[in-house]
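**Student:**
There are 2 protein chains.
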Amino acid sequence: MSIIFSDKIRSLRKEKKIPQRQLAAVLEIDTATYCKIEKGDRRAKREQVIILSDLLQVDSKELLRLWSADKVYDIIAEEEEATQILNVVAENIIKYKRKVAQA
Amino acid sequence: MSIIFSDKIRSLRKEKKIPQRQLAAVLEIDTATYCKIEKGDRRAKREQVIILSDLLQVDSKELLRLWSADKVYDIIAEEEEATQILNVVAENIIKYKRKVAQA
DNA sequence: TTTTGTCTTGACATTATTTGGCAAATATAA
DNA sequence: TTATATTTGCCAAATAATGTCAAGACAAAA
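Read top to bottom, the protein sequences are chains A and B.
Here the first sequence is numbered in numbering that gives the first Met the number 0, starting from 0 and rising by one per residue.
Here the second sequence is numbered in numbering that gives the first Met the number 0, starting from 0 and rising by one per residue.
1) So, under 8 Å CB-CB, Glu78/A and Ser59/B are touching, yes? Tell me the CB distance rounded to an integer number of Å.
2) Identify each residue in the segment 77-97 of chain A for which the Cβ-Cβ distance to at least one residue of chain B is less than 7 Å, and report them in chain order.
3) Answer with yes or no whether the minimum CB distance from Ser1/A to chain B is below 9 Å.
4) What is the rounded straight-line gap between the Cα of Ala76/A and the Cα of Met0/A?
5) Does the beta-carbon distance from Leu55/A to Leu26/A come in below 9 Å?
6) Using only CA atoms, which one of Gln21/A, Tyr72/A, Ile93/A lies nearest to Cys34/A?
7) From the beta carbon of Ala24/B, is the nearest beta carbon of chain A less than 9 Å away?
8) Is it buried or exposed, Glu90/B, if we count other Cβ atoms within 10 angstroms and call 16 or more buried?
9) In or out: Ala100/B buried (at least 16 other Cβ within 10 Å) or exposed?
10) By the three-class DSSP mapping on this structure, what secondary structure does Leu112/B have?
11) Arg64/A touches chain B at which residues, Cβ-Cβ below 7 Å?
12) Check whether chain A comes within 9 Å of Tyr72/B, counting only Cβ atoms and requiring the distance to be less than that.
13) DSSP on Lys70/A, reduced to helix/strand/coil?
14) Hey, quick one: how far does the alpha helix (DSSP H) through Ser10/B stretch, first residue to last?
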């Protein structure tokens with residue numbers, strides 16, 4: 000798994016000197032589970048990311064961006080044409096936006 | 000589900016006037032399953048994409064690119080910051096490449 | 001309209017993947 | 001050492017994805 004997201008929350012947590020236990024408690028999950036999230040072994044849930052952004056005092060949009068990026072990265076990391084794939088996606092997002100604008 | 004990939008194979012198939020039944024046979028799946036792949040209800044497997052590129056006489060790299068793009072699109076389509084997410088991913092790909100180059 | 005072949009859909013069982021917790025192990029700090 | 005924090009392996013439960021069957025829809029031709 001990728002570490003784009005997990006690296007970020009780990010460094011933020013250490014910065015603020017909060018133990019995993021404490022964040023895990025608020026998220027209502029086991030410490031072990033939280034640990035795995037921070038190591039990139041488990042994926043946080045969307046709502047958890049939002050709660051975390053609050054606890055770690057960081058913009059939730061930024062954290063969600065990294066969280067999504069992580070998922071994308073996992074898909075294309077092994078592909079040789081990773082960058083081209085991103086281009087294809089970008090094109091299609093634009094295409095879709097046009098469609099929506101028309102409607 | 001997204002249609003970046005499915006639209007492509009559908010138009011190629013129609014161009015060549017091949018019935019779904021025939022492609023399904025080579026892929027050793029049910030016609031219904033193939034239909035769903037072409038409608039974007041089911042995901043083709045990697046090997047199936049390669050077989051398809053052969054049957055449809057198209058570069059397998061191109062088809063795989065669309066196939067991957069589809070998966071990525073599904074993840075970020077609902078996100079408001081879709082484009083920014085792609086940027087984050089692109090940055091991290093570059094970062095990783097640097098690391099590999101160093102090693 | 002009926003027939004024929006093609007395509008599509010929904011429901012379902014099967015399989016694969018992901019999840020969270022527990023307990024034990026390891027690391028770090030006091 | 002003792003206490004606290006983090007990590008790991010393993011399991012069961014939950015969730016998601018897959019493929020098939022059977023039935024329906026659709027289109028072209030007879």
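Ideal Cβ placement from N, Cα and C applies to all residues, glycine included.
**Tutor:** Taking the structure as given:
1) As a first step, residue 78/A is located in the first sequence; it is residue number 79 there, counting from the start. As a first step, residue 59/B is located in the second sequence; it is residue number 60 there, counting from the start. Their Cβ separation, rounded to whole angstroms, is 13 Å, which puts Glu78/A and Ser59/B out of contact at 8 Å.
2) Glu78, Glu80, Ala81, Thr82, Gln83, Ile84, Leu85, Val87, Val88, Ala89, Asn91, Ile92
3) The count along the first sequence starts at 1 and reaches residue 1/A at position 2. Closer than 9 Å: yes.
4) One-based indexing of the first sequence puts residue 76/A at position 77. One-based indexing of the first sequence puts residue 0/A at position 1. So the alpha carbons of these two residues sit roughly 10 Å apart.
5) Within the first sequence, the letter at position 56 stands for residue 55/A. Within the first sequence, the letter at position 27 stands for residue 26/A. Cβ atoms of Leu55/A and Leu26/A: not closer than 9 Å.
6) Locating residue 34/A in the first sequence gives position 35, where the first residue counts as 1. Minimum Cα distance to Cys34/A is reached at Gln21/A.
7) Your numbering for residue 24/B matches position 25 in the second sequence. Judged by the 9 Å Cβ criterion, Ala24/B is not in contact with chain A.
8) Counting from one through the second sequence, the residue named residue 90/B turns up at place 91. The residue in question, Glu90/B, is exposed, as its Cβ has fewer than 16 Cβ neighbours within 10 Å.
9) Counted from its first residue, the second sequence places residue 100/B at position 101. Answer is exposed; the Cβ neighbour count stays below 16.
10) The first residue shown for chain B is 0 and the last is 102, placing residue 112/B beyond what the model contains.
11) In the first sequence, counting from the first residue as 1, residue 64/A sits at position 65. Annotation: Cβ neighbours of Arg64/A in chain B (cutoff 7 Å, chain order): Glu80, Gln83, Ile84, Val87.
12) By 1-based counting over the second sequence, the position of residue 72/B is 73. It does: the Cβ of Tyr72/B has a partner Cβ on chain A nearer than 9 Å.
13) Here the question's residue 70/A lines up with position 71 in the first sequence. Lys70/A falls in the helix class under three-state DSSP.
14) Sequence index remark: in the second sequence, residue 10/B carries index 11 (1-based). First-last of the alpha helix (DSSP H) with Ser10/B: 3-14.
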